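Remarks on the structure that follows.
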């Protein structure tokens, strides 16, 4: 993955997306004793960063996508993003989702106009169904976290940070399959090598954490966490290689720490983050980041949580 | 009120505040059929726009404020703002709040280090107590909505909009005492007269609406609305004069319309607005804005709502 590939992605996305806000958090700065910034991917048109890789994947192969349609497999946020991108670009989209995916995310995906294909509840079944559809229909596969186009699309978030904040900083990035942290780490380490890149992952998953420890990709089996956007049970191949070379630290956060972060973000920062989007803040508040030079930037990667679920988190029930 | 006064305020605030994000709202754009932008004053360090007039008032008379301390009277958001400004500028602050103010806002004000003086529950008693403190202590009064410094501080929000958005647009502004809409209307109408300025006020208050109808300042008596930031029972003198000359329309919104707006902002837009900060979106969603050229900008003036209150709104209880 080169900087040029990410810069190409930025040019492709430019007519469709504006940079998301980077805000200085007064309450988190007080809590952490160093300047804390939040990158609000919640303000993307589909409420998560996934619109970057979805659009970049489709735009990179636009003619083929127009001719054959696209297929994607997702726990929800990538599904919404591919559906949105398909509507913008007039593509026919099929989305493979697990039968036990959040009904809210399934409904949102269908409401945006995609055909949802439900499959079994393991990560493996999701991929089997997806590859079968690719073989049978000739549709273009948009990969949620491991194709070059995906990681380059994710990397545009890193370029935005470099344009929004001066000096070396520590980026804290939610990790599932590893595409987002792979893209961001590539952009930051090649452009401003003094930056640190830290991954945050739910203890209930820990696939990237354990893979890095083991020095090879580990599959942790079915994942159940409140952070329903972070359920990839093994890192992507490309993403893992990038993480090995460029990620400084991966930390694990407990379910209660995630809940507390969602609550503080809503009450003190006035932003709605979904649990998966709040794991970076959870790591920060739990004191799990190594002391490091410079400001901290937490990527709030998504905000797609149903109103009732948010209400329950706020009530502490 | 001149543009120069507002530009001076902007220079004063520059070392303390960064411009707040202006985000394009995909869900509200779909709902309204025209481009809708949100100005996120919720991202100010005290969670509301009130930090602008608080800092401007104190900075304009800094030596006097240092010598005698300051006093302010507020339903909550201005209290927090004056307290924050006083800490930044090392001033001694006393805040007059009604006994039935939101306990959450009282607690937040005290937590930030101000002395809270509780008074009776009418607007008149609040002002009596405040003016008595000014007489007895020689403290500098920071007015929440009607001094020149206040309105100029509020006006800096208008200058930010002009720098963030090209062309003529319609700004929809929450109205209580009228300082915010006065400042914004001054900036927009002097700089870009094709812009429209619309006020939104709870039906349960309506003091500016009725005053404009009557052609003189009307006092509507004690106000009870879920929008606890919008309880001024009569517009300020200066603010009313500006509104008469420069505001194009003031619309009233029902309590349920406000609740619906808070809910949609949290669930669809991923932002936490307090009810008083959501009245502009309530007016838009209720179809109460006159058709007009250009985009709509809703000022989300504050986000200070306790977690449990937000939870109850989200549950529809």
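Residue numbers (this note's numbering), protein chains in the order written: chain P, 1 to 317; chain E, 1 to 317. Just so you know, even glycine gets a beta-carbon here, dropped at the ideal spot from N, CA and C. Note that the structure is predicted; figures quoted are calculated from it, not measured.
The beta-carbon separation of residue 174 of chain P and residue 287 of chain P, rounded to 18 Å, does not stay under the 8 Å limit for a contact. Around the Cβ of residue 2 of chain E, a 10 Å sphere holds fewer than 16 other Cβ atoms; the residue is exposed. When secondary structure is reduced to three states using DSSP, residue 163 of chain P falls in the helix class.
For residue 185 of chain P, the secondary structure class from DSSP, reduced to helix, strand or coil, is helix. If the five residues before and after residue 23 of chain E are omitted, its C-beta is found closer than 6 Å to the C-beta atoms of 38, all from its own chain and listed in chain order.
Counting the other CB atoms within 10 Å of its CB gives residue 160 of chain P a total of 16 or more, which places it among the buried residues. Proximity to residue 73 of chain E across E:60, E:61, E:94 peaks at E:94, based on C-alpha coordinates. By the neighbour-count criterion, in which a residue is buried when 16 or more other Cβ atoms sit within 10 angstroms of its Cβ, residue 119 of chain E is buried.
Under the three-state reduction of DSSP output, residue 302 of chain E falls in the strand class. Three or more Cβ pairs closer than 8 Å define a contact, and the region 231-245 of chain P meets that threshold against the region 205-215 of chain P.
When C-beta distances to chain P are compared with 8 Å, every residue of the region 154-171 of chain E stays at or above that value.
Pairwise C-beta distances place the region 89-109 of chain E out of contact with the region 182-200 of chain E, as fewer than three of them are shorter than 8 Å. Under the three-state reduction of DSSP, residue 168 of chain P is assigned to coil, being neither helix nor strand. Counting along the chain, residue 93 of chain P sits inside the beta strand (DSSP E) bounded by residues 93-98. In the DSSP assignment, residue 44 of chain P falls outside any beta strand (DSSP E), carrying neither H nor E. Under the three-pair Cβ rule at 8 Å, the region 234-254 of chain E counts as touching the region 173-187 of chain E.
Chain E places a beta carbon closer than 8 Å to that of residue 42 of chain P, counting this residue as a contact. Assigned with DSSP and collapsed to three states, residue 248 of chain E falls in coil, not helix or strand. Only those residues of the region 265-285 of chain E whose C-beta falls short of 7 Å from the nearest C-beta of chain P are listed: 266, 267, 270, 271, 272.
C-alpha of residue 253 of chain P to C-alpha of residue 266 of chain E: approximately 25 Å in a straight line.
Membership of residue 103 of chain P in the alpha helix (DSSP H) is indicated by the continuous run 103-111. The beta carbon of residue 185 of chain E does not come within 8 Å of any beta carbon belonging to chain P, so the residue lies off that interface. By the Cβ-count criterion, residue 67 of chain E is exposed, with fewer than 16 other Cβ atoms from all chains shown falling within 10 Å of its own Cβ. With a beta-carbon spacing of about 18 Å, residue 298 of chain E and residue 313 of chain E fall beyond the 8 Å limit used to define contacts.
Interface flag for residue 307 of chain P against chain E is set, since a Cβ pair is found closer than 8 Å.
Classified as buried, residue 10 of chain E has 16 or more neighbouring CB atoms from the shown chains inside 10 Å of its CB. With respect to chain E, the C-beta atom of residue 180 of chain P has no partner C-beta closer than 8 Å. Listed by position along chain E, the residues whose Cβ is nearer than 9 Å to that of residue 315 of chain P are 307, 308, 311, 312, 315. Sequence-distant partners of residue 114 of chain P (beyond 5 residues in either direction) whose C-beta falls short of 6 Å from its own C-beta, in its chain, are 83, 93, 95. DSSP, read as helix, strand or coil, puts residue 14 of chain P in coil.
Residues of chain E with a Cβ closer than 7 Å to the Cβ of residue 23 of chain P are, in chain order, 21, 43. Cβ neighbours of residue 143 of chain P within its own chain (closer than 6 Å, five residues either side excluded): 150.
Annotation for residue 251 of chain P: 200, 283, 288 place their beta carbon closer than 6 Å to its own, counting only its chain and skipping 5 residues before and after. Annotation for residue 257 of chain E: 282, 286 place their beta carbon closer than 6 Å to its own, counting only its chain and skipping 5 residues before and after.
Taking residue 280 of chain P as the centre and dropping the five residues before and after it, the same chain places the C-beta of 172, 173, 174, 200, 298, 299 closer than 7 Å to its C-beta, in chain order.
Boundaries of the alpha helix (DSSP H) around residue 80 of chain E: 77-89.
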